[in-house]
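Have a look at the structure below before the remarks.
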Amino acid sequence: MAPSGSNNEQSGQTGIMSLRWWIVGIGIVWLLNAWLPELISPYFFQIIVLAGINVILSVSLNLVNGFTGQFSMGHAGFMSVGGYLSAFITTSLVASHPELMNDPVAGVVIFAISLIMGGIAATAVGYIVGLPSLRLRGDYLAIVTLGFGEIIRVIFLNTNAVGGARGLSGITKFTTFGAVYTAALITVFCIWRVVHSAHGRILVSIREDEIASTAMGVNTTEGKVRAFAMGAFFAGVAGGLFAHYLTTLNPGTFDFNRSFEVIIMVVLGGMGSISGSVVAAIMLTVLKEALRPLQQLTGVDLRMVIYSLVLIIMMLARPKGIFGTSEICDLFREKLSRRGKHPDGGSA
Amino acid sequence: MNTFALRVQNLSIVFGGLKAVTDLDLEIPKGSIFGLIGPNGAGKTTIFNMLTGVYTPTSGTIIHGQSGTSLGGLKPYEITRTGIARTFQNIRLFKNLTVLDNLLVAMDQNPTQKKFGLIPTLLRSKSLMTAEDAKKNDALNILKIFKLDGRAKEISSALPYGDQRRLEIARAIATGARTLLLDEPAAGMNAHETSSLMDTIRDIRATFNATVLLIEHDMKLVMGICERIAVLDYGVKIAEGIPSDIQKNPRVIEAYLGKAATSEHVKK
Amino acid sequence: MAEFAQYIINGLSQGGTYALIALGYTMVFGILQLINFAHGEVFMLGAFTGLYTSKYAGLAILGTFNRLLTGSAETASTGAAILTAIVIILVAMCVCAAVGFCVERLAYRPLRASPRINLLITAVGVSLFFQNAGQLLFGSDPKAFPDLFENLEPWTFGADENLIVINPLQVFVFITAITLMLILRHVIFHTRLGRAMRAVSFNHDLASLMGIPTNQIIAATFMMGSSLAGAAGVMVGMTYPKVEPLMGSLPGLKAFCAAVLGGIGNVTGAVLGSFILGLAEALLSGYGTPTYKDALAFTILILILLVKPSGLLGVNRTEKV
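Residue numbers (my numbering), protein chains in the order written: chain W, 2 to 349; chain E, 308 to 575; chain D, 27 to 347.
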């Protein structure tokens, strides 16, 4: 039996998960930010940016679907809340104070604030959606989150402030490599720390056995709603990044297929494995591009057919996903210890 | 301060016309080991479910001695936080968590534990890390009493059956509760494990000054460690008293073995 | 007043469609506690089966019935039209029953012992597979449903401002929904199969210990539910008259909301909830804002989960601890 490894990382400010390394990481991202667009073709640059956004989405959804064991299908809905709100903030500011745009620092600050506001709005919506459905045991969350995506779409369709059916266009292209990967690093860091804390233990206990968890004094509804709201926050931020990359939004931008793409990333990487989600997000973003020639050849979009088949076959053959609930570093550690020491005798 | 840990008055529950428990009165003395016995389907687990808030009684009151308050209307997790914790007939561990983590989940909910918000969690503040270390130490100390400290890092579902049952009791203790409801703690254990379990139950009563209410079919264990026993049949309490009286009680013998049975059979 | 009556009629016929889909949802949920996301897609496949049957055999069937009833293949009669519709619906019901059987056998049964969440993910996968495979197979553009009943005049009542138009197909949908529901109720409560279904839904293991062939009962439930969705698909195709591969997902989800509103697992509740939803949507489009119509079902779902999670006719089931 593999060691869980889940608490091995709890020993504080050392190791790869220490705060110091992550700040260094963000520094490297900003160094690359200045160079990268000139080094590689715009096509690859786009794949890299989208991969970063997908990492944010899959890791944050994993908090809900993987670690807490609830099944949300509304990640795209939260994306759209964050995307629309942050785009609305920046476009109205740009319209009323065009001089701000000449100041690069002001631009970055406004963008960051708009992203956070988008995240907060998504969190608030997450509470409203999560409270009624997470009180109940069972699969209601799945259908409510799915319906919620529809409600949001209809609301945006009927809101003239964000362009109604025409959508929102002329959004400034604030999203850069640096912005996406800073957000991605912060997301992974925050979720890692939460999962490996007392709060995270509560979430995992809900996944493992909700009745036992309640019997141990855990307010399971509160735990679920918190995880759900936190997941929604990062989805909202990702939505903002996406909006400021596309520069146009319409109510159909964040349809159910987007939610589904994120779900398959989480399932493929392993529900309960952060590194699995990261790997799967990058893999599927690349795969999507790799499948494009096939689409041109056959004239039809085979991608979703393949995705859905992968999902079904995965559930039938390896429901744990690639990494199960363990992390990449656990697998390395296991390999090292197997080579270094005699086989572990305690595997009863 | 009350002299009882739990007092139950006129407790009844009806499931769609079926009276599962009828007008139950029960007083569990503080610091005692109290046995709840009766044939299958007598309503023992149903009583546990009412005491822990899983089922809402149709009528009656439950008073918690420690706080002197009624438990009526409280949610299961709120009842646990008042100091009553349970184990389950069909073991309900957090299967994919380590033995240690199983305990830590319970300890996190202990009302005396300091709670940390999101920011200290993200930054791993010094006080949080100290609190975590202290928590881990406390957990290991509890595990030591159950002789499970050597397996702290193992996945709980990999433990042998008897150890899993003991881990459930350890986890209940870790919530900080001092009134423990054990649902068939010896089920599936062999004679050796059972007798060591009896020692453990006595140990935890002494160490934690706990009150133990247990459901059990193993008469050796019940008669061996319980100071008082209540007998249930068809949801009605038919007898209560010290073990030697219960063994001789004709109504109890009748409930277990039918009429025309003698006390000799019960002793076995 | 006539306006109102018209909305009620439209609502009842829409509700009838929801009811047929909701019945399948509620049956499968009752027996497996699974939200069968693919159910809306079965409905879509039913519509396509109806479309191709009508296209290639519709006129022949209609002609045969006309000849039988009036003596001439050319003379149109309402009776022949209804009989033709019934034949097409039966074909779609058979095809959908087969689809339901295959889905259960290949995708759900192997997972019955695994965690519920895996089953749910698979259901989502199956649903998306049908949606996208459907686009590959049928093309993603809407297809017109052949109009076999062009001679069928709508019934009109009143005139001018007070004009009420009733499409005979709407009445047909309503009556079929009620009839199938009554048959289903009879099957569930008064036959051996129904008793077995109720037993399995109560407890799989106990039922199989009692000698009930659990697998067959579950398969039968899927087939019955799927055939009802197939019937609904054909009827929507005939009344709406457009069919496309993504047509199933929204009505499917709405029907699920209706089933929850009525009390999931409860056959009468599913029908009641569906009619309430159909009427509410019709009135909202009529008097309020039609653009909000598609959000109504989910708003109702969230509200009912807040107020009475067990639904209008449902009873609280206590989970055994």
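Every residue, glycine too, gets a C-beta built ideally from N, C-alpha and C.
Arginine 473(E) is not bridged by DSSP to any residue.
Glycine 483(E) sits close to proline 418(E), with the two beta carbons spaced by under 8 angstroms.
C-alpha of asparagine 317(E) to C-alpha of aspartate 331(W): approximately 55 angstroms in a straight line. By the beta-carbon neighbour count (other beta carbons within 10 angstroms, threshold 16), valine 297(D) is buried.
Listed in chain order, the non-local C-beta contacts of glycine 469(E) below 8 angstroms within the same chain comprise Gly495, Met496, Asn497, Glu500 and Leu504, local neighbours out to five positions each way being set aside.
DSSP places glutamate 328(W) outside any alpha helix (DSSP H), giving it a letter other than H or E. According to DSSP, phenylalanine 155(D) shares a beta bridge with no other residue. CA-to-CA, the gap between glycine 375(E) and valine 152(D) works out to about 55 angstroms.
Assignment of arginine 388(E) by DSSP, reduced to helix, strand and coil, places it in the helix class.
Residues of the stretch 220 to 237 of chain W with a C-beta atom less than 8 angstroms from some C-beta of chain E are Asn220 and Thr221, listed in chain order. Look at serine 319(E) here: in three-state DSSP terms it is strand.
For alanine 143(W), at least one C-beta of chain D is nearer than 8 angstroms to its own C-beta. Distance from the CA atom of leucine 162(D) to the CA atom of lysine 421(E), rounded to whole angstroms, is 58 angstroms. Think of a sphere of 8 angstroms around the beta carbon of aspartate 210(W): the chain E residues whose beta carbon falls inside it are Arg399, Leu400, Phe401 and Lys402, in chain order.
Within its own chain, the residues whose Cβ lies closer than 8 angstroms to the Cβ of leucine 77(D), once the five positions on either side in sequence are excluded, are Lys169, Phe171, Pro172, Gly263 and Val269, listed in chain order. Assigned with DSSP and collapsed to three states, serine 432(E) falls in coil, not helix or strand.
Closest in C-alpha terms to phenylalanine 261(W), from the list Thr299(W), Pro320(W), Ser309(W) and Tyr128(W), comes Ser309(W).
Rounded to whole angstroms, alanine 180(W) and threonine 299(W) show a C-alpha spacing of 37 angstroms. Contact between the stretch 247 to 263 of chain D and the stretch 65 to 84 of chain D is established, with three or more Cβ pairs separated by less than 8 angstroms. With respect to chain E, the C-beta atom of isoleucine 57(W) has no partner C-beta closer than 8 angstroms.
Less than 8 angstroms separates the beta-carbon of valine 95(W) from that of threonine 173(W).
Annotation for histidine 371(E): the continuous beta strand (DSSP E) segment containing it runs 366 to 371. If you compare the alpha carbons of Phe235(W), Ala244(W) and Ile314(W) with that of valine 268(W), the shortest gap goes to Ile314(W).
Taking C-alpha positions only, isoleucine 532(E) is separated from phenylalanine 149(W) by approximately 56 angstroms.
Contact note: proline 383(E) reaches chain W through Thr215 and Ala216, using a C-beta cutoff of 7 angstroms and chain order.
At least one C-beta of chain W is nearer than 8 angstroms to the C-beta of alanine 321(D). Beta-bridge analysis with DSSP links tryptophan 181(D) to Ile192(D). In the same chain as leucine 46(D), and ignoring 5 residues on each side of it, the C-beta atoms closer than 7 angstroms to its own belong to Ala203, Leu206, Leu254, Ala255, Ala257 and Ala258, in chain order.
In terms of Cα proximity to serine 115(W), the closest of Tyr44(W), Val205(W) and Phe243(W) is Phe243(W).
The beta-carbon of alanine 446(E) is placed no less than 8 angstroms from the nearest beta-carbon of chain W.
For lysine 460(E), the closest alpha carbon among the candidates Ile320(E), Val529(E) and Leu410(E) is that of Leu410(E). Interface annotation, glycine 271(W): not in contact with chain D, CB-CB separation never under 8 angstroms. Taken in chain order, the members of the stretch 358 to 374 of chain E whose beta-carbon sits within less than 9 angstroms of a beta-carbon on chain W are Thr359, Gly360 and Val361. By the neighbour-count definition (other C-beta atoms within 10 Å, threshold 16), cysteine 128(D) is an exposed residue. Per DSSP, alanine 133(D) lies in no beta strand (DSSP E) segment and is marked neither H nor E.
Put simply, of Gln47(W), Leu64(W) and Ile24(W) the residue whose alpha carbon is nearest the alpha carbon of phenylalanine 229(W) is Leu64(W).
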